[in-house]
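**Q** Got a structure for you, questions after.
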Amino acid sequence: MQALPAPEDTFADAACGLMLTDTAGTILRSNRTLPDWLGYTEAELTGGMRLQDLLSVGGRLFHQTHCAPLLQLQGSVSEVQVDLLRKDRSRVPALINIARRRTGDGLVDQVAIFIANDRRAYERELLRARAAAEAALAAQSGAEAKLREANEQLSLADRRKDEFLATLAHELRNPLAPMRSGADLMKMTMAADAPQRRIVDMFDRQLRHMSHLVDDLMEVARISQGKLVLRCEPVCLGQIAQAAVADIGAQVGAAGHVLTVTVPAAPLTVHGDPTRLAQMLVNLLTNACKYTPPGGRIGLDLREDDGAAVIAVSDSGIGIPPEALERVFEMFSQLEPALKRAHGGLGIGLALVKGLVELHHGTVRASSAGPGNGSTFTVRLPLASQAATAAPARDAMAERSGAALQVLVVDDNRDAAQMLAAVLDLSGYRSAIAHCGEQAAGYLCAHPVHACILDIGLPDIDGYALARRIRAMPLDRQPLLIALTGWGQPSDVDAALAAGFDHHLSKPVELPALQQLLAGAGTG
Numbered sequence: 001m002q003a004l005p006a007p008e009d010t011f012a013d014a015a016c017g018l019m020l021t022d023t024a025g026t027i028l029r030s031n032r033t034l035p036d037w038l039g040y041t042e043a044e045l046t047g048g049m050r051l052q053d054l055l056s057v058g059g060r061l062f063h064q065t066h067c068a069p070l071l072q073l074q075g076s077v078s079e080v081q082v083d084l085l086r087k088d089r090s091r092v093p094a095l096i097n098i099a100r101r102r103t104g105d106g107l108v109d110q111v112a113i114f115i116a117n118d119r120r121a122y123e124r125e126l127l128r129a130r131a132a133a134e135a136a137l138a139a140q141s142g143a144e145a146k147l148r149e150a151n152e153q154l155s156l157a158d159r160r161k162d163e164f165l166a167t168l169a170h171e172l173r174n175p176l177a178p179m180r181s182g183a184d185l186m187k188m189t190m191a192a193d194a195p196q197r198r199i200v201d202m203f204d205r206q207l208r209h210m211s212h213l214v215d216d217l218m219e220v221a222r223i224s225q226g227k228l229v230l231r232c233e234p235v236c237l238g239q240i241a242q243a244a245v246a247d248i249g250a251q252v253g254a255a256g257h258v259l260t261v262t263v264p265a266a267p268l269t270v271h272g273d274p275t276r277l278a279q280m281l282v283n284l285l286t287n288a289c290k291y292t293p294p295g296g297r298i299g300l301d302l303r304e305d306d307g308a309a310v311i312a313v314s315d316s317g318i319g320i321p322p323e324a325l326e327r328v329f330e331m332f333s334q335l336e337p338a339l340k341r342a343h344g345g346l347g348i349g350l351a352l353v354k355g356l357v358e359l360h361h362g363t364v365r366a367s368s369a370g371p372g373n374g375s376t377f378t379v380r381l382p383l384a385s386q387a388a389t390a391a392p393a394r395d396a397m398a399e400r401s402g403a404a405l406q407v408l409v410v411d412d413n414r415d416a417a418q419m420l421a422a423v424l425d426l427s428g429y430r431s432a433i434a435h436c437g438e439q440a441a442g443y444l445c446a447h448p449v450h451a452c453i454l455d456i457g458l459p460d461i462d463g464y465a466l467a468r469r470i471r472a473m474p475l476d477r478q479p480l481l482i483a484l485t486g487w488g489q490p491s492d493v494d495a496a497l498a499a500g501f502d503h504h505l506s507k508p509v510e511l512p513a514l515q516q517l518l519a520g521a522g523t524g
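Sequence positions in the sequence shown follow the UniProt record's numbering and run 1 to 524.
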């Protein structure tokens, strides 16, 4: 423990002049500081000198008329400004504080003296420090206000971005819907060996590509905002792989690639969202197709390793530089400017893959021997605690029980309504069309309907209000209600279900998915 100085040393070396006097002003004791200031020795000060002897004429007069009476009345005086006289009779501006105290020997005055110039300098420094602190505080407050304003602007910009993306997706999906139905209609009515079939197949591939781009853009935005909700269940990865391979089959064939798929005999089951897992795998396979020159090799390998399901997608494509292996998963990342590549994309596919894999508590990594040597993307997902094979999807195209089902299509986009109705008619359903809510309600009052496919953005009442109205109508049979709309945010799905819809589909709809839902209309 550090030794403290003796009280006598503290008194002697204090930064101010200190003395004890009797009530008449005779100096009884002084510290070393005061005689050093004034040019006296301590013995000279305590050898009979009085405080008044150290004051100028004006100071002695002030002491006699003010200080002495105040000490008698209140026992103290504070901050009295006087001129002290040095031994050489030069003057020192000073501030004096006196406190009268009672001791065992009687009354004494404790005197503390400060050099006024030093004190004022200290005060000026304090004032400057205070002003600087206040300025810093004001600057900090201003910076915090600007930061709050910037955060509010960022939040507003983020909300506007979300609204823009949702509106963009809606506006893109609406024209895609009749094109999707038109492509399905042409494929259903055209012989497989017809000369125009190649054109229809190309049209179909590009429509699928456009639909995937819209979906991916929305999904990656939801993931970055933490708004994507998984609907998890036991999923057999082998079935997901089969569906993904079927989805990109046309793209693989058009490029002349050889696709090799290896799936273990025992099912690999994970707990996940089948739609998102399929989306993840399709993106990996699409990426392999896109960056592999025509006639290349693509591999899809599923296996179990150390309690995890491993999905490896490899290709013989352009490869990845070592320094870019991590960057490829960043949003809008491009290995080189898109205009220099034959297949420039948006740079969101692999970012979406990473986001979906991490939502499933898995990992994904890229490996490559360098440019020109292909690449491999390896996904690891935790196996389900109980290996249960997901139920195989029904073959909706084979379910032709819809021959007796009456379906009402409600859409103010006449092209979309007519194309979808034509596809349904050709699939064995009996369809009718309404272009507004009132027309749809009137039709339902007069005709039994098994299913209604409703757009949300109708000209008179929106699809939500129409769904609630239908649910309140005294019909002999309540129809299956399917929302088919360009609005595809999770909040839109929730709003549709809350309004009474049985299902929500985003435009453009794939015919097998729609037929699978309609198959349930005949069982209600």
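Heads up, the beta-carbon is just placed ideally off N, CA and C, and yes, glycines get one too. All values derive from a computational prediction rather than experimental measurement.
Per DSSP, which one or two residues make a beta bridge with residue 384?
**A** Answer is none; residue 384 lacks a bridge partner.
**Q** With DSSP collapsed to three states, give me the class of residue 189.
**A** helix
**Q** Quick one: Cα of residue 521 to Cα of residue 182, how far?
**A** Cα to Cα, the separation comes out at about 24 Å.
**Q** In the DSSP assignment, what are the bridge partners of residue 102?
**A** 107
**Q** Classify residue 445: buried if its beta carbon has 16 or more other beta carbons within 10 angstroms, exposed otherwise.
**A** exposed
**Q** On the CB-based measure, 16 or more other CB atoms within 10 Å of its CB, does residue 167 come out buried or exposed?
**A** exposed
**Q** Might you give, ordered along the chain, the residues of its own chain that have their beta carbon closer than 7 Å to the beta carbon of residue 363, omitting 5 neighbours on each side?
**A** 357, 380
**Q** In whole angstroms, what is the alpha-carbon distance linking residue 280 and residue 197?
**A** 30 Å
**Q** In angstroms, rounded to a whole number, what distance separates the CA positions of residue 466 and residue 185?
**A** 28 Å
**Q** Bridge partners of residue 113, per DSSP?
**A** BP columns for residue 113 point to 17, 96.
**Q** When you compare only the Cα positions, how much space is there between residue 61 and residue 133?
**A** 42 Å
**Q** Between the Cα of residue 207 and those of 100, 448, 509, 480, spot the shortest distance and give me the residue it belongs to.
**A** 509
**Q** Tell me whether the beta-carbon of residue 505 lies closer than 8 Å to the beta-carbon of residue 495.
**A** no
**Q** Measuring alpha carbon to alpha carbon, tell me which residue in 429, 44, 282, 432 is nearest residue 209.
**A** 282
**Q** Buried or exposed for residue 41, going by 16 or more other Cβ atoms inside 10 Å?
**A** exposed
**Q** Which stretch, first to last residue, makes up the alpha helix (DSSP H) that contains residue 281?
**A** 274-290
**Q** Taking the alpha-carbon positions, what's the residue 272 to residue 313 distance?
**A** 19 Å
**Q** According to DSSP, simplified to helix, strand and coil, what is residue 130?
**A** The answer is helix: DSSP assigns residue 130 an H, G or I state.
**Q** Would you identify the three-state DSSP class for residue 296, choosing helix, strand or coil?
**A** coil
**Q** Tell me which residue opens and which closes the alpha helix (DSSP H) that residue 358 is part of.
**A** 349-359
**Q** Who are the Cβ neighbours of residue 452 in its own chain at under 6 Å, not counting the five residues just before and after it?
**A** 408, 479, 481
**Q** For residue 377, which of helix, strand or coil comes out of DSSP?
**A** strand
**Q** So the alpha helix (DSSP H) residue 42 belongs to, where does it begin and stop?
**A** Residues 42-45.
**Q** Give the secondary structure of residue 395 by DSSP, where H, G and I count as helix, E and B as strand, and everything else as coil.
**A** Interpretation of residue 395 is limited by its pLDDT of 38, a score under 50 that renders its predicted location unreliable; the figure taken from the coordinates is listed afterwards. Coil.
**Q** Measure the alpha-carbon distance for residue 191 versus residue 200 and round it to whole angstroms.
**A** Rounded to whole angstroms, residue 191 to residue 200 spans 11 Å at the Cα level.
**Q** Pick out whichever of 98, 83, 295 has its Cα sitting closest to the Cα of residue 91.
**A** The shortest C-alpha to C-alpha distance from residue 91 to any of 98, 83, 295 is the one to 83.
**Q** Report the rounded CA-to-CA distance for residue 99 versus residue 131, giving the unit in angstroms.
**A** 33 Å
**Q** If you drop the 5 nearest sequence neighbours on each side, which residues of the same chain put their C-beta closer than 7 Å to that of residue 303?
**A** 264, 310
**Q** Can you tell me the Cβ-Cβ gap for residue 317 and residue 293, rounded? I've got them flagged as a contact below 8 Å.
**A** 7 Å
**Q** Less than 8 Å between the C-beta atoms of residue 460 and residue 437, yes or no?
**A** yes
**Q** In whole angstroms, what separates the C-alpha of residue 516 from that of residue 154?
**A** Taking the straight line from one Cα to the other gives about 42 Å.
**Q** Can you tell me the Cα-Cα spacing of residue 298 and residue 491, whole angstroms?
**A** 38 Å
**Q** Within the same chain, show all residues whose beta-carbon is closer than 7 Å to that of residue 308, passing over the 5 residues directly before and after it, in chain order.
**A** For residue 308, where only same-chain residues beyond five positions count, the Cβ hits under 7 Å are 380, 381, 382, 383.
**Q** In its own chain, which residues sit with a C-beta less than 8 Å from the C-beta of residue 176, not counting the 5 before and 5 after it?
**A** 207, 210, 211, 214, 507, 508
**Q** Output yes or no for whether 8 Å exceeds the beta carbon distance between residue 218 and residue 169.
**A** yes
**Q** Under 8 Å by Cβ, that's how I've got residue 415 and residue 455 pegged, so tell me the actual separation to the nearest angstrom.
**A** That pair is no contact at about 12 Å.
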